[in-house]
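Colleague: So that we are looking at the same thing, I have put the structure below in structure tokens.
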Amino acid sequence: MSKKVTPKSIDHSKWYTDIILKAELADYGPVKGTMVIKPYGYSIWTLIKESIDLKLKKTGHSNAYFPLFIPKSFLSKEAEHVEGFAKECAVITHHRLKTDPNSNDLIVDPDSKLEEEVIVRPTSETVIWSMYKKWIQSYRDLPILLNQWANVVRWEMRTRLFLRTTEFLWQEGHTAHSNEIEAKKEAIDILNLYKDVSENIMAIPVLTGIKSEAEKFAGAEITYCIESMMGDKKALQAGTSHYLGQNFAKAFDVKFQTKNNKEDYVYATSWGVSTRLIGSAIMVHGDDKGLRLPPKIAPHQIVIIPIGKSDDDVKKILNFFKEHIKNFKDSGLRVLIDDREDLSPGFKFNEWEMKGVPIRIEVGFRDLNNDQVTIARRDTNKKEVVSISKVNERIHNLIDEIQISLFEQALDFMNSNIFEVNSYEEFKKLMSENKGFIKCGWDGNSKTELIIKEETKATIRCIPFEQNIKNKKCIFSGKPAKFEVIFAKSY
RNA sequence: CGGAGUGUGGCGCAGCCUGGUAGCGCACCUGGUUUGGGACCAGGGGGUCGAAGGUUCAAAUCCUUUCACUCCGACCA
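Here the working numbering is used: the first residue of the first sequence is 73, the next is one more, and so on.
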């Protein structure tokens, strides 16, 4: 394995997988499309997860767990939902293996065929709604605000580490409400929660809005989304929140009695973000030296590298710096001391840069003798010398600075690559040159959207909440625009 | 499912055209010298060459079949 990653500018896709493998975030699993999330990658996921979980708890949601297996018949209860997921379901048809007496191979025992086949959940709406039917009778049972952390399986044709794997980890929220207003508010509140996590925890700026008919979740009335721009100017859907209306309630016959003793179907939402978020962090922040992690999701926020010639030297150095390390840890910072003897400082510098550690503190005799340390920041790749008395203050400021600077770098990049265009010619030219997101008018017709997709590979990523369609025309048909939309090529 | 590519020690590859019994770099082990941007020297261990069949005195190499994975498309969080 070569030491460096393929430069972004040469092959973005190779660059991306190089980083994942070399930063030890994940590895390929033995079955096509599967991924092993390695400890370092899983630590990042854990930090993301904890931050989302905390926010969900604060907004009144509880965690629960529903089964991995779903009766096949459940999937077909909601028409659009089947349509959306049938093509990518793993199906369990048997429950036993046996040794073939002829070949001595392990084979599926034909006698173990299941009466009703079982599918592996591609998402859990259907199992959950089958349970809601049991649990909901009256408006007093509502709302139900559940979330589950789970794995799901979608048998994709083409997979990519973190972005699209056959099995992935996510959180899926499923709420039930007694009225439309409350349910819609829930979907939007969650969207804002996702935006908050993405921007303030992961330092990834997002556009918010709703999905077009063609792009919305199978079974939803409205799909709200957060959409972000990757380093190659392609769009990535980082999270979605759906207002499901009464679709699933009708499909699963979940009714409740209202205050006025009338009967109504339950209103619902569902929403999720997945390990895909890690993929977006890589593509938004990474550079040719590797990962750049925002401090809030960095497993190690600070790595300390003692530079000495002998064990004794290293001991002296660490002793000199001991109080500071204790202070950092006491204030909640995640600090790692890399005192591995067999590796040179240069090797360690490169390794931790690959892994995206925001701050590196180098301490050697040169520093010790001058009552100082050398601090290297990953966001700018700059080094500075800081006097020992100022270290604590400087580090705390830097943690915040780096978090903000990564967000601002990403925001500038996104904003400078969103273009407003007025002609389809210009649209096609920009798209073919891979120039980024295009903001333009759209007549609201799904056919228009489809033709544009076929001709340019760009899709409507979102219909932003803020609309300005005065005098705007549809980029394709020239008809008066119904919406102002964002087009882009996407992952 | 279409197109392309790759399967050779843990990883990355060469060898294949023109058959002669496997090599390089990294990693690993031992010892020593090193350490402020991927250290060096010496010694050492590890591979039925993806699988099956065939041709041949002889196959990593030629032929046939097959499997797997990766990348690019259609599908998707």
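Note that beta-carbon positions come from the ideal geometry of N, C-alpha and C, so glycine has one too.
1) Assuming I91 and V77 make a contact with CB atoms under 8 Å, what is their CB distance in whole Å?
2) Quick check on the DSSP output: the alpha helix (DSSP H) that includes M203 runs from which residue to which?
3) Please tell me whether T341 and E258 are closer than 7 Å, where the distance is taken between their beta carbons.
4) Give, in chain order, every unbroken run of the beta strand (DSSP E) that is at least 3 residues long and sits entirely within the region 359 to 396.
5) From the DSSP output, read off the bridge partner residues of P277.
6) In this structure, does DSSP put V356 in helix, strand or coil?
7) Measure the C-alpha to C-alpha separation of K331 and S134 and round it to an integer number of angstroms.
8) May I have a chain-ordered list of the beta strand (DSSP E) segments no shorter than 3 residues that lie completely inside the region 92 to 174?
9) G508 and N489 - do their beta-carbons sit closer together than 7 Å?
10) Does the region 211 to 227 touch the region 238 to 252, meaning 3 or more C-beta pairs lie closer than 8 Å?
11) With 16 as the cutoff for other CB atoms within 10 Å, does Q209 come out buried or exposed?
12) Can you tell me whether DSSP reads N223 as helix, strand or coil?
13) Mind checking which residues open and close the alpha helix (DSSP H) that includes E258?
14) Please confirm if the region 228 to 242 is in contact with the region 345 to 358, defined as three or more CB-CB distances below 8 Å between the two stretches.
15) Tell me which residues share the same chain as K75 and place their Cβ nearer than 8 Å to its Cβ, disregarding the 5 neighbours each side in the sequence.
16) Can you list, in chain order, the residues of its chain with a C-beta nearer than 8 Å to that of V199? Leave out the 5 residues immediately preceding and following it.
17) Excluding the 5 residues flanking G291 on each side, which residues of the same chain have their C-beta closer than 6 Å to its C-beta?
18) Measuring CA to CA, which of S562, E285 and E299 is closest to E293?
19) Compare the Cα-Cα distances from K427 to each of R450, L241 and L478 and report the closest residue.
20) Grouping DSSP H, G and I as helix and E and B as strand, with all else coil, what is R406?
21) Which of helix, strand or coil does DSSP assign to S81?
22) Which partner residues does I298 have in the DSSP bridge list?
23) Tell whether a beta-carbon distance below 7 Å holds between S196 and E244.
24) Can you give the Cα-Cα distance for P173 and N223, rounded to whole angstroms?
25) Does DSSP classify K76 as helix, strand or coil?
26) Got a sec? Which residues, its chain only, sit under 8 Å from C534 by beta carbon, not counting five neighbours each side?
27) Rounded to whole angstroms, what is the Cα-Cα separation between I510 and L178?
28) In angstroms with no decimal places, state the Cα-to-Cα distance between K501 and I82.
29) How is A448 classed by DSSP in three states: helix, strand or coil?
30) Taking Cβ to Cβ, would you say A95 is nearer than 7 Å to G513?
31) Answer with buried or exposed for I253, where buried requires no fewer than 16 other C-beta atoms within 10 angstroms of its C-beta.
32) Would you check if there are 3 or more beta carbon pairs closer than 8 Å linking the region 463 to 476 to the region 353 to 373?
33) Just reading off the alpha helix (DSSP H) that D181 is part of, what are its end residues?
34) Considering only the alpha carbon of each residue, which of G358, D99, V338 and N441 lies closest to K388?
35) Among L265, P277, K144 and Q475, which residue has its Cα nearest to the Cα of Q373?
36) List the whole-angstrom C-beta distance separating T238 from R230, where the pair is believed to meet the contact cut-off of C-beta under 8 Å.
Modeller: Taking the structure as given:
1) The sequence position of residue 91 within the first sequence is 19, counting from 1. The sequence position of residue 77 within the first sequence is 5, counting from 1. 6 Å between Cβ atoms; contact.
2) Position 131 of the first sequence, counted from the first residue, corresponds to residue 203. Taken as a continuous stretch (DSSP letters only), the alpha helix (DSSP H) holding M203 covers E197 to W207.
3) As a first step, residue 341 must be located in the first sequence, where it is residue number 269. As a first step, residue 258 must be located in the first sequence, where it is residue number 186. In this structure, T341 places its C-beta atom within 7 Å of the C-beta atom of E258.
4) The region 359 to 396 contains these whole beta strand (DSSP E) runs: 374 to 379.
5) Within the first sequence, the letter at position 205 stands for residue 277. P277 is not bridged to any residue.
6) Stepping through the first sequence from its first residue, residue 356 is reached at position 284. The answer is helix: DSSP assigns V356 an H, G or I state.
7) Along the first sequence, one-based indexing puts residue 331 at 259. Along the first sequence, one-based indexing puts residue 134 at 62. Rounded to the nearest whole angstrom, the CA to CA distance from K331 to S134 is 25 Å.
8) DSSP runs (the beta strand (DSSP E)) wholly in the region 92 to 174: 98 to 100, 107 to 109, 141 to 143, 163 to 166 and 169 to 171.
9) Locating residue 489 in the first sequence gives position 417, counting from the first residue. Locating residue 508 in the first sequence gives position 436, counting from the first residue. The beta carbons of N489 and G508 sit closer together than 7 Å.
10) Between the region 238 to 252 and the region 211 to 227, the count of Cβ pairs shorter than 8 Å is three or higher; the stretches touch.
11) As a position in the first sequence, residue 209 is number 137, starting the count at 1. Counting C-beta atoms within 10 angstroms of its own C-beta, Q209 has fewer than 16 neighbours from the protein chains shown and is therefore classed as exposed.
12) Position 151 of the first sequence holds residue 223. Annotated three-state conformation of N223 is strand, per DSSP.
13) To locate residue 258, count along the first sequence from 1; it is residue 186. Element bounds for E258: E252 to D268.
14) When Cβ pairs closer than 8 Å are counted between the two stretches, the region 228 to 242 is seen to touch the region 345 to 358, the count reaching three or more.
15) The count along the first sequence starts at 1 and reaches residue 75 at position 3. Close CB contacts of K75 within its chain, under the 8 Å cut and outside five residues either way in sequence, are with N422 (chain order).
16) Translated into positions along the first sequence, residue 199 becomes position 127. Cβ within range, chain order: F138, P139, I142, F146 and R193.
17) Counted from its first residue, the first sequence places residue 291 at position 219. Cβ within range, chain order: E150, E152, H153 and N319.
18) In the first sequence, the residue the question calls residue 293 occupies position 221. Answer by Cα proximity: E285.
19) Taking the first residue of the first sequence as 1, we reach residue 427 at position 355. Distance from the Cα of K427 is smallest, within the candidate group R450, L241 and L478, for R450.
20) By one-based count along the first sequence, residue 406 stands at place 334. In the displayed model, R406 falls within coil according to three-state DSSP, outside both helix and strand.
21) The residue given as residue 81 occupies position 9 in the first sequence. S81 carries a coil assignment under DSSP once its states are collapsed to helix, strand and coil.
22) To locate residue 298, count along the first sequence from 1; it is residue 226. According to DSSP, I298 bridges with T280 and G311.
23) One-based indexing of the first sequence puts residue 196 at position 124. One-based indexing of the first sequence puts residue 244 at position 172. Contact annotation: S196 and E244 have beta-carbon atoms nearer than 7 Å.
24) Numbered from 1 along the first sequence, position 101 holds the residue referred to as residue 173. Numbered from 1 along the first sequence, position 151 holds the residue referred to as residue 223. Going from the Cα of P173 to the Cα of N223 covers about 36 Å.
25) Within the first sequence, residue 76 is the residue found at index 4, counting from 1. Look at K76 here: in three-state DSSP terms it is coil, with no helix or strand label.
26) Position 462 of the first sequence holds residue 534. Same-chain partners within the cutoff: L279, T280, G281, I282, K283, C297, E299, V557 and I558.
27) Indexing the first sequence from 1 puts residue 510 at position 438. Indexing the first sequence from 1 puts residue 178 at position 106. Approximately 54 Å between the Cα atoms of the pair.
28) Residue 501 sits at position 429 when you count from the first residue of the first sequence. Residue 82 sits at position 10 when you count from the first residue of the first sequence. Rounded to the nearest angstrom, the two C-alpha atoms are 22 Å apart.
29) On the first sequence, residue 448 is found 376 positions in, with the first residue counted as 1. For A448, the three-state secondary structure derived from DSSP is strand.
30) Here residue 95 refers to the residue found at position 23 when the first sequence is read from its first residue. Here residue 513 refers to the residue found at position 441 when the first sequence is read from its first residue. No, they are not a contact pair.
31) The residue you call residue 253 lines up with position 181 of the first sequence. Burial call: exposed.
32) Output reads yes: the region 353 to 373 touches the region 463 to 476.
33) Position 109 of the first sequence holds residue 181. No alpha helix (DSSP H) contains D181, which DSSP labels as neither H nor E.
34) As a first step, residue 388 must be located in the first sequence, where it is residue number 316. Nearest C-alpha to K388: N441.
35) For the purposes of this step, residue 373 is identified with residue 301 of the first sequence, where counting begins at 1. When only C-alpha atoms are compared, the closest one is Q475.
36) Here residue 238 refers to the residue found at position 166 when the first sequence is read from its first residue. Here residue 230 refers to the residue found at position 158 when the first sequence is read from its first residue. The distance from the Cβ of T238 to that of R230 is about 11 Å, inconsistent with a contact at the 8 Å cut-off.
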